[in-house]
Amino acid sequence: MKFINNKLRIENAIIQNIAQRYNTPAYCYSYKQLKDNVNHFKKNFSSISPLICFAIKSNTNINLIKEIKKFGLGADVVSMGELMIALKAGINPKKIVFSGVGKTSKEINYAIDNKILLINAESKSEIKEIEKIAKIKKTQVQVGIRLNPNTDAKTLNQISTGKKENKFGVNDKIFYELVEYCKNSKNITLKCLSVHIGSQILDYKPYEKMLKVIGNVIKKAKFNFEYIDLGGGMGISYEKNTKKLNYKKYNLAIKKFLKGRKSKIIFEPGRSIIGNTAVLISKIIYIKRNNVKNFVIIDAAMNDLMRPALYGAVHQILPAIKKNKKSKRAYEFVGPICESTDKFTTIKNFQEVNEKDIIVIRDVGAYGMSLSSNYNLRPKPIEILIKGSKIKVIKKRQKHKDII
Ligand SMILES: *Cc1c(COP(=O)(O)O)cnc(C)c1O
Numbered sequence: 044m045k046f047i048n049n050k051l052r053i054e055n056a057i058i059q060n061i062a063q064r065y066n067t068p069a070y071c072y073s074y075k076q077l078k079d080n081v082n083h084f085k086k087n088f089s090s091i092s093p094l095i096c097f098a099i100k101s102n103t104n105i106n107l108i109k110e111i112k113k114f115g116l117g118a119d120v121v122s123m124g125e126l127m128i129a130l131k132a133g134i135n136p137k138k139i140v141f142s143g144v145g146k147t148s149k150e151i152n153y154a155i156d157n158k159i160l161l162i163n164a165e166s167k168s169e170i171k172e173i174e175k176i177a178k179i180k181k182t183q184v185q186v187g188i189r190l191n192p193n194t195d196a197k198t199l200n201q202i203s204t205g206k207k208e209n210k211f212g213v214n215d216k217i218f219y220e221l222v223e224y225c226k227n228s229k230n231i232t233l234k235c236l237s238v239h240i241g242s243q244i245l246d247y248k249p250y251e252k253m254l255k256v257i258g259n260v261i262k263k264a265k266f267n268f269e270y271i272d273l274g275g276g277m278g279i280s281y282e283k284n285t286k287k288l289n290y291k292k293y294n295l296a297i298k299k300f301l302k303g304r305k306s307k308i309i310f311e312p313g314r315s316i317i318g319n320t321a322v323l324i325s326k327i328i329y330i331k332r333n334n335v336k337n338f339v340i341i342d343a344a345m346n347d348l349m350r351p352a353l354y355g356a357v358h359q360i361l362p363a364i365k366k367n368k369k370s371k372r373a374y375e376f377v378g379p380i381c382e383s384t385d386k387f388t389t390i391k392n393f394q395e396v397n398e399k400d401i402i403v404i405r406d407v408g409a410y411g412m413s414l415s416s417n418y419n420l421r422p423k424p425i426e427i428l429i430k431g432s433k434i435k436v437i438k439k440r441q442k443h444k445d446i447i
């Protein structure tokens with residue numbers, strides 16, 4: 044994404060023109076950025092040749108999942124719907140893992156019937172439920188057990204998942220019990236130890252700590268795991284000058300962990316693959332000034348992009364057309380929804396804007412559209428994929444008649 048002659052572009056497409064042609068709000072993705080992200084991810088871990096399972100929940104657009112499939116990635120799913128869309132996109136079931144604390148028997152049945160690589164169980168009750176269903180089907184099911192390593196991921200509390208107070212996984216004591224249980228089961232084959240300590244992680248040290256915990260647990264469990272699923276969580280730069288995750292150090296820690304072991308590593312990245320591939324294009328409806336603030340009311344809202352309202356996440360905002368005028372202002376960018384949390388961000392030095400100007404909210408590829416809703420009975424936005432000069436609608440804008 045860059046300005047050429049003051050016009051913001053994604054690849055060769057000019058944002059202002061896309062806004063005019065397709066209307067706003069609109070999610071707009073870059074194919075090249077997606078490809079670069081996948082290649083970077085693969086390169087960073089090439090020395091351990093992992094299985095990379097894209098976390099579908101970060102973006103559920105089938106056309107994007109199809110592109111991701113073409114790059115050779117598998118999928119990490121957390122519901123029957125996500126498993127269905129991964130299969131429909133053509134992802135090989137032997138590259139699909141199923142995570143989540145509350146898989147229903149219907150979901151487990153479906154996963155078993157589709158012979159996916161792993162069901163990563165998160166409780167004693169779930170292991171028993173999987174065993175019961177497998178027994179009825181007279182089959183053997185490959186499972187993983189998700190360990191809660193009690194490791195602080197040093198990220199936002201709302202997206203931390205690996206501490207003992209979080210609902211995810213099982214503690215070491217139950218983990219050992221479940222290993223013994225699986226050893227004695229005719230219908231369950233234990234293949235994997237899985238973890239996932241949180242999202243938007245920028246410090247490699249929590250990962251290092253997590254690997255130490257896993258190493259100790261494996262030693263105590265005296266079990267050879269064919270797979271070690273390290274989850275996802277790799278952070279991206281939402282703000283200028285934030286630190287970047289040191290992939291080299293993470294990779295080194297994994298290599299050290301793997302010494303003397305034969306396990307294959309699985310990753311479940313979502314955000315690091317899709318996060319920075321998209322912008323949300325929006326038009327300024329009104330500008331409203333009071334004694335303390337300049338509110339810029341845009342036509343995108345928390346139903347289109349919930350991260351700021353849900354986690355206090357910050358996304359950068361850029362104008363579609365850079366003005367040469369020097370005057371800058373402080374603006375609070377808000378949506379039209381009747382909630383005070385329907386607010387994107389405050390920027391102190393933004394170029395002076397006018398009503399009907401086009402702006403973009405950056406880095407919305409992950410947990411953007413996938414978290415969107417019809418709150419306030421607002422139709423969901425269109426999704427567009429840019430590939431060089433080609434512009435493709437990958438999901439149509441919802442119409443009022445679709446939701447009323
Ligand atoms: C959400 C989730 C992921 C993906 O996390 P990112 O931060 O998007 O990489 C991976 N694994 C599990 C189990 C998850 O719940």
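For reference, each letter of the sequence shown is one residue, going 44 to 447 in the numbering used here. Cβ atoms here follow ideal geometry from the backbone N, Cα and C, with glycine treated the same way.
Give the DSSP-derived three-state secondary structure of residue i in the structure shown.
i	result
Pro379	coil
Phe97	strand
Phe310	strand
Lys291	helix
Asn419	helix
Phe8	This structure cannot settle anything about residue 8, because the visible part of the chain is limited to 44 through 447.
Pro351	helix
Thr388	strand
Arg64	helix
Gln394	strand
Lys368	coil
Ile401	strand
Ile47	strand
Tyr410	coil
Lys435	strand
Ile479	Absent from the structure is residue 479, since the part of the chain shown begins at 44 and ends at 447.
Lys430	strand
Can you list, in chain order, the residues of its chain with a C-beta nearer than 6 Å to that of residue i? Leave out the 5 residues immediately preceding and following it.
i	result
Asp215	Val260
Glu165	Val144, Arg189, Gly212
Ser416	Asn346
Ile95	Leu116, Phe310
Glu395	Ser370, Arg372
Lys210	Val144
Ala118	Cys96, Phe97, Ile99, Ala129, Ile134, Ile139
Going by beta-carbon coordinates alone, are residue i and residue j separated by less than 8 Å?
i	j	result
Thr186	Ile217	It should be noted that the sequence gives Val, not Thr, for residue 186. No, the pair does not count as a contact, with Cβ atoms beyond the cut-off.
Arg440	Asn346	no
Lys146	Glu174	no
Ile330	Glu398	yes
Ile194	Lys252	This sequence places Thr at residue 194; Ile is not what is there. Taking 8 Å as the Cβ cut-off, Thr194 and Lys252 qualify as a contacting pair.
Ile328	Pro379	yes
Glu150	Met127	no
His358	Arg405	yes
Ile341	Gln59	no
Ile155	Lys178	no
Gly258	Ala196	no
Lys365	Phe46	yes
Glu172	Ser148	yes
Thr388	Phe376	yes
With a CB to CB cut of under 7 Å and the five nearest residues on each side skipped, what residues in its chain are close to residue i?
i	result
Asn104	Met412, Glu426, Ile437, Lys438
Asn152	Ile176
Asn55	Gly431, Ser432
Ala132	Ile105, Ile108, Lys109, Lys112
Phe393	Lys371, Arg372, Tyr374
Pro68	Leu323, Ile324, Ser325, Asp342, Ala343, Asp347, Pro424
Lys75	Glu54
Lys298	Ser90, Ile91
Given residue i, which residues of its chain have a CB within under 8 Å of its CB, disregarding the five upstream and five downstream residues?
i	result
Pro136	Leu130, Asn157, Lys158, Ile159, Leu160
Lys263	Asp215, Tyr219
So, under 8 Å CB-CB, residue i and residue j are touching, yes? Tell me the CB distance rounded to an integer number of Å.
i	j	result
Arg350	Ser242	About 11 Å separates the two Cβ atoms, so there is no contact after all.
Leu254	Phe300	5 Å
Gly278	Ile240	That belief does not hold up - the Cβ atoms of Gly278 and Ile240 are roughly 12 Å apart, past 8 Å.
Val81	Phe114	5 Å
Ala409	Cys71	With 8 Å as the limit, Ala409 and Cys71 do not qualify as a contact, their Cβ atoms being about 15 Å apart.
Ala363	Val403	6 Å
Phe84	Pro249	Between Pro249 and Phe84 the Cβ distance is about 19 Å, and since that is not below 8 Å, they are no contact.
Tyr270	Lys307	5 Å
Leu295	Ile244	That belief does not hold up - the Cβ atoms of Leu295 and Ile244 are roughly 16 Å apart, past 8 Å.
Ile434	Ile61	7 Å
So which residues put a beta carbon under 7 Å from any heavy atom of ligand 3, going in chain order?
The model depicted lacks ligand 3 and carries ligand 1 instead.
Go through the stretch 125-162 residue by residue and report every complete run of the alpha helix (DSSP H) that reaches 4 residues or more, in order.
148-156
Counting only runs that start and end within the stretch 216-286, where is the beta strand (DSSP E) found for 3 or more residues in a row?
231-237, 270-272
Can you check the stretch 77-122 for any alpha helix (DSSP H) of at least 4 residues that lies completely inside it and give the ranges in chain order?
105-113
In chain order, each alpha helix (DSSP H) run of at least 4 residues that lies wholly inside the stretch 155-209:
167-179
Hey, which unbroken runs of the beta strand (DSSP E) at 3 residues or more fall wholly within the stretch 296-345?
307-310, 321-332, 337-341
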